[in-house]
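Visitor: Under full-length UniProt numbering, the first residue of the sequence shown carries the number 1, and numbering increases by one thereafter. Where a beta carbon is used, it is the ideal one built from N, C-alpha and C, also for glycine.
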Amino acid sequence: MEQMKGSAMLLLELLILGGLRAEKGSAVLGTLDLQIDEEQPAGTIIGDISAGLPPGTSAYMYFISAQEGSGVTTDLWIDENRGIIKTARVLDRETRDHYSFIAVTPEGITVEVNIQVNDINDHAPAFPKQHSTFQIPEHTPVGSRFPLDPAFDADSGLLNTQGYVIKGDNVGQAFRLETRRGPNGVLYLDLVVSNVLDRENRSSYSLVLEAYDGGSPPRSSQMTLDVSIQDINDNAPAFNQSRYHTLISENLKPGSSILQVFASDADEGDNGDVIYEINRRQSDPDQYFTIDSRTGVIKLNKGLDYEVRKVHELVVQARDRAVHPEVTTAFVTIHVRDYNDNQPTMTIIFLSEDGSPQISEGAQPGQYVARISVSDPDYGEYSNVNVTLEGGDGKFALTTKDNIIYLICVDQLLDREERDSYDLRVTATDSGTPPLRAESTFVLQVIDINDNPPLFDQQEYKQSIPEVVYPGSFVLQVTARDKDQGPNGEVQYSIVHSHDTHSSWFAIDPATGIITTAAPLDYEKDPQPQLTVLATDRGTPALSSSAVVLVALQDVNDNEPVFRSNFYNVSLKENTPVGTCFLQVGTAVRS
Numbered sequence: 001m002e003q004m005k006g007s008a009m010l011l012l013e014l015l016i017l018g019g020l021r022a023e024k025g026s027a028v029l030g031t032l033d034l035q036i037d038e039e040q041p042a043g044t045i046i047g048d049i050s051a052g053l054p055p056g057t058s059a060y061m062y063f064i065s066a067q068e069g070s071g072v073t074t075d076l077w078i079d080e081n082r083g084i085i086k087t088a089r090v091l092d093r094e095t096r097d098h099y100s101f102i103a104v105t106p107e108g109i110t111v112e113v114n115i116q117v118n119d120i121n122d123h124a125p126a127f128p129k130q131h132s133t134f135q136i137p138e139h140t141p142v143g144s145r146f147p148l149d150p151a152f153d154a155d156s157g158l159l160n161t162q163g164y165v166i167k168g169d170n171v172g173q174a175f176r177l178e179t180r181r182g183p184n185g186v187l188y189l190d191l192v193v194s195n196v197l198d199r200e201n202r203s204s205y206s207l208v209l210e211a212y213d214g215g216s217p218p219r220s221s222q223m224t225l226d227v228s229i230q231d232i233n234d235n236a237p238a239f240n241q242s243r244y245h246t247l248i249s250e251n252l253k254p255g256s257s258i259l260q261v262f263a264s265d266a267d268e269g270d271n272g273d274v275i276y277e278i279n280r281r282q283s284d285p286d287q288y289f290t291i292d293s294r295t296g297v298i299k300l301n302k303g304l305d306y307e308v309r310k311v312h313e314l315v316v317q318a319r320d321r322a323v324h325p326e327v328t329t330a331f332v333t334i335h336v337r338d339y340n341d342n343q344p345t346m347t348i349i350f351l352s353e354d355g356s357p358q359i360s361e362g363a364q365p366g367q368y369v370a371r372i373s374v375s376d377p378d379y380g381e382y383s384n385v386n387v388t389l390e391g392g393d394g395k396f397a398l399t400t401k402d403n404i405i406y407l408i409c410v411d412q413l414l415d416r417e418e419r420d421s422y423d424l425r426v427t428a429t430d431s432g433t434p435p436l437r438a439e440s441t442f443v444l445q446v447i448d449i450n451d452n453p454p455l456f457d458q459q460e461y462k463q464s465i466p467e468v469v470y471p472g473s474f475v476l477q478v479t480a481r482d483k484d485q486g487p488n489g490e491v492q493y494s495i496v497h498s499h500d501t502h503s504s505w506f507a508i509d510p511a512t513g514i515i516t517t518a519a520p521l522d523y524e525k526d527p528q529p530q531l532t533v534l535a536t537d538r539g540t541p542a543l544s545s546s547a548v549v550l551v552a553l554q555d556v557n558d559n560e561p562v563f564r565s566n567f568y569n570v571s572l573k574e575n576t577p578v579g580t581c582f583l584q585v586g587t588a589v590r591s
């Protein structure tokens, strides 16, 4: 392009010359409109200036004039002799969308060249942020809209942003997107509430928003919008039970804790912060009791007299700390007893067939082991007795529906081979002061079931013996062990006989697993007989496993040579030279 700059003065002279010629005749002016897609590689041909010359004319040289900063001298390469226009670099429509220059021939013909850079879909819509947070109050009316920052696409027309979608975590279709095209061509979007928002059901949404353009294929980008649902005070505190009962002794010391009430509020912050109080207008005007406003623990405030009052009823309120608080009420019944001189009584009945403390190792979780009944003569049938179970390493649990009859049940699967007994202790404690208790300890035996097959110490046994041994000779001994107990763990051995093996040559002791020969062996028939040995326990049903025994027979010379033919016949010519071989006899040896 240095040549282009050096031609500036020549161009000026030609323009003056062209002006002089114009005085003699009409000036010739041509126009050439060209276009090229952006992002084409450097050296791509755009067009030929000669295409803009008037018909029937040609030129051997062109002088180029372009405005400074037009990009012609930096982005284009123009052959001033041939008029060929090429790209000098990769063009970017978003940086410059057109180029213009004037080409003049030595004869003064002027061609105005305009090059339009066509857009291609080389940009995806881009959000200003990859991650953004947003807060919306719960129970916001359906249809409420919240503007979001749009995505921008440097491309134009259909290649610009065409739409948005929510790709993930829009649980319950809580939101939808609505769009509108602005005067500047930007596609704006609003987040619209399309379903009821309840913070207590779901406190946040992590929405993945995707913007896409109209290319083929379309280009897209995503952002994550974390929507936090702000709490409003739409839940009242809720007690874990509507009525509480307890029993205390009349000699309980002031300051002692009696029981604890508990209320929870599904709201958060001050809306869910619960405080407790006793309604003095409706209960306990003499203030025998106090309640901790934060913990809900009710304590004795002053001494009680059983003879004066045997039952106290409290109205306890739980309120949240919102500006307009919600209040819930529960009732507490406190029974006063005069003394405690009888310990609880406890009866345990084991639910096995013989009534002994035992359970099958095959018992499933939930199966009952024992039934426990408790009572306390001090308070009658419905006494406030707490029963606990200790020991068992979590394999057993205690359950009750009425606090009178308790059941010990299996809580986890048992394995006698891991542990065959458990030391358990059941304790029944009343609520007296001081509390009295009854205890019972017992050893629970785990009864075996046939859940383990015998296992050989090897899956394959090998032995080598001579083929000539007496029947009853020792070959080898196999061993299998069974983790079970009693008949379930007693192992018996046998050989699996089949027609395609020589298993009949051998026998096995069912008790010891010793394998001996049972018949003469013959190396020539089977040099390596193979046996399948079975180990079976005596359970019902019986379990078994197998192993393979390979016996390698050692050959001995137990067969004499045999001629291949009993008679040989041969003819010789007379005068056959001495040493001529006229016959070969052969023998076969089986050993």
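Going by DSSP in three states, L252 sits in which element: helix, strand or coil?
Guide: On the sequence shown, position 252 is the one that residue 252 refers to. It is coil, neither helix nor strand.
Visitor: In whole angstroms, what is the alpha-carbon distance linking A322 and L314?
Guide: Along the sequence shown, read from residue 1 onward, the residue named residue 322 stands at position 322. Along the sequence shown, read from residue 1 onward, the residue named residue 314 stands at position 314. Roughly 25 angstroms separates the two Cα atoms.
Visitor: Bridge partners for M61 per DSSP, in chain order?
Guide: Within the sequence shown, numbered from 1, the residue matching residue 61 stands at position 61. According to DSSP, which records beta bridges pairwise, M61 is partnered with nothing at all.
Visitor: Could you name each continuous beta strand (DSSP E) segment of 3 residues or more that falls completely within the region 539 to 579, going from the start of the chain to the end?
Guide: 544 to 554
Visitor: Restricting to Cα atoms, I'd like to know which of I115, Y368, R202, Q282 is closest to I405.
Guide: Translated into the one-based positions of the sequence shown, residue 405 becomes position 405. Out of I115, Y368, R202, Q282, Y368 has the C-alpha closest to the C-alpha of I405.
Visitor: Let me know the secondary structure DSSP gives P137 once reduced to three states.
Guide: If you number the sequence shown from 1, residue 137 lands on position 137. If DSSP states are grouped into helix, strand and coil, P137 belongs with the strands.
Visitor: Within the continuous alpha helix (DSSP H) that includes V410, where are the two ends?
Guide: Within the sequence shown, the letter at position 410 stands for residue 410. First-last for V410: 405 to 410, but that is the beta strand (DSSP E), not the alpha helix (DSSP H).
Visitor: Only counting the same chain, and skipping five residues up and downstream in sequence, which positions put a Cβ closer than 7 angstroms to that of V475?
Guide: Taking the sequence shown and counting its residues from 1, the one referred to as residue 475 is at position 475. By the criterion of a C-beta distance shorter than 7 angstroms, V475 is surrounded in its chain by Q463, I465, F506, I515, T516, T517, V551, once the five residues flanking it on both sides are discounted.
Visitor: Pairing CB atoms from the region 318 to 335 with CB atoms from the region 357 to 368, are three or more of them under 8 angstroms?
Guide: No contact exists between the region 318 to 335 and the region 357 to 368.
Visitor: Spell out the partners DSSP gives V227 in its beta bridges.
Guide: By 1-based counting over the sequence shown, the position of residue 227 is 227. V227 pairs with F134, Y205.
Visitor: Assign S504 to one of three DSSP states: helix, strand, or coil.
Guide: Position 504 of the sequence shown, counted from the first residue, corresponds to residue 504. Of the three classes helix, strand and coil, the one that applies to S504 here is helix, per DSSP.
Visitor: Kindly list the residues whose CB is nearer than 8 angstroms to the CB of G52, restricted to its own chain and excluding five residues on each side of it in sequence; keep chain order.
Guide: Start at 1 with the first residue of the sequence shown, and residue 52 comes out as number 52. Around G52: G30, T31, L32, A103, V111, E112, V113.
Visitor: So the beta strand (DSSP E) V316 belongs to, where does it begin and stop?
Guide: Counting from 1 along the sequence shown, the entry for residue 316 is found at position 316. Note, V316: beta strand (DSSP E), 311 to 320.
Visitor: For D75, report the span of its alpha helix (DSSP H) as first-last.
Guide: As a working note, residue 75 is residue 75 in the sequence shown. Note, D75: alpha helix (DSSP H), 72 to 75.
Visitor: Consult DSSP for D270 and reduce its assignment to one of helix, strand or coil.
Guide: Here the question's residue 270 lines up with position 270 in the sequence shown. It is helical.
Visitor: What does the alpha-carbon distance come out to for the pair P434 and S206?
Guide: Position 434 of the sequence shown, counted from the start, is the residue given in the question as residue 434. Position 206 of the sequence shown, counted from the start, is the residue given in the question as residue 206. About 56 angstroms.
Visitor: Quick check on Y276: buried or exposed, where buried means 16 or more other Cβ atoms within 10 Å of its Cβ?
Guide: Numbered from 1 along the sequence shown, position 276 holds the residue referred to as residue 276. Under this definition Y276 is a buried residue.
Visitor: Whole angstroms are fine: how far does the CA of N384 sit from the CA of I298?
Guide: The residue you call residue 298 lines up with position 298 of the sequence shown. The residue you call residue 384 lines up with position 384 of the sequence shown. Straight-line Cα distance between these residues: approximately 18 angstroms.
Visitor: Pair every Cβ in the region 169 to 176 with every Cβ in the region 81 to 101, then say whether three or more of these pairs are closer than 8 angstroms.
Guide: Flag = no, the region 169 to 176 and the region 81 to 101 do not touch.
Visitor: Considering just the uninterrupted stretch of the beta strand (DSSP E) at V369, what are its terminal residues?
Guide: For the purposes of this step, residue 369 is identified with residue 369 of the sequence shown, where counting begins at 1. Residues 368 to 375.
Visitor: Could you name the residues that DSSP lists as bridge partners for F582?
Guide: Within the sequence shown, residue 582 is the residue found at index 582, counting from 1. According to DSSP, F582 bridges with nothing at all.
Visitor: Is the region 473 to 490 touching the region 443 to 462 in the sense that three or more CB pairs, one from each, lie closer than 8 angstroms?
Guide: yes
Visitor: In whole angstroms, what separates the C-alpha of N195 from that of G143?
Guide: Translated into positions along the sequence shown, residue 195 becomes position 195. Translated into positions along the sequence shown, residue 143 becomes position 143. Roughly 8 angstroms between the two C-alpha positions.
Visitor: Ordered along the chain, which non-local residues of its own chain (more than five positions away) have a Cβ less than 6 angstroms from that of H312?
Guide: Sequence index remark: in the sequence shown, residue 312 carries index 312 (1-based). Excluding positions up to five away in sequence, the list reads I334.
Visitor: Across the region 152 to 170 and the region 204 to 220, are there enough close Cβ pairs to call them in contact, namely three or more that are closer than 8 angstroms?
Guide: yes
Visitor: Give the C-beta separation of A330 and S242 to the nearest angstrom, bearing in mind that I take them to be a contact with Cβ-Cβ under 8 angstroms.
Guide: Working through the sequence shown from its first residue, we reach residue 330 at position 330. Working through the sequence shown from its first residue, we reach residue 242 at position 242. With a Cβ gap of about 6 angstroms, A330 and S242 count as contacting.
Visitor: Which of the three DSSP states is assigned to L436 in this structure?
Guide: The residue you call residue 436 lines up with position 436 of the sequence shown. Looking at L436 - three-state DSSP - the assignment turns out to be coil, as it is neither helix nor strand.
Visitor: In angstroms with no decimal places, state the Cα-to-Cα distance between T345 and L259.
Guide: Taking the sequence shown and counting its residues from 1, the one referred to as residue 345 is at position 345. Taking the sequence shown and counting its residues from 1, the one referred to as residue 259 is at position 259. A straight-line Cα-Cα distance of about 25 angstroms links T345 and L259.
Visitor: Hey, V491 and A535: beta-carbon distance below 8 angstroms or not?
Guide: For the purposes of this step, residue 491 is taken as the residue at position 491 of the sequence shown. For the purposes of this step, residue 535 is taken as the residue at position 535 of the sequence shown. For the pair V491 and A535, the CB atoms are nearer than the 8 angstroms cut-off.
Visitor: Distance, Cα to Cα, D402 vs L413?
Guide: For the purposes of this step, residue 402 is taken as the residue at position 402 of the sequence shown. For the purposes of this step, residue 413 is taken as the residue at position 413 of the sequence shown. Distance between the alpha carbons of D402 and L413: 27 angstroms.
Visitor: For a minimum of 3 consecutive residues, which ranges assigned as the beta strand (DSSP E) are wholly contained in the UniProt domain "Cadherin" (28 to 127)?
Guide: 29 to 37, 45 to 48, 63 to 65, 76 to 78, 84 to 87, 98 to 104, 110 to 118
Visitor: Taking only three categories from DSSP, how would you classify P487?
Guide: Locating residue 487 in the sequence shown gives position 487, where the first residue counts as 1. Here P487 sits in helix by DSSP.
Visitor: Using DSSP's beta-bridge definition, name the partner residues of N384.
Guide: Indexing the sequence shown from 1 puts residue 384 at position 384. In the DSSP output, where bridge partners are listed per residue, N384 has none listed.
Visitor: Ends of the beta strand (DSSP E) at I166?
Guide: For this step, residue 166 is matched to residue 166 along the sequence shown. Unbroken beta strand (DSSP E) run through I166: 161 to 168.
Visitor: Quick check on A475: does DSSP put it in helix, strand or coil?
Guide: Counting from one through the sequence shown, the residue named residue 475 turns up at place 475. Checking the displayed sequence, the identity of residue 475 turns out to be Val instead of Ala. Three-state DSSP puts V475 in a strand.
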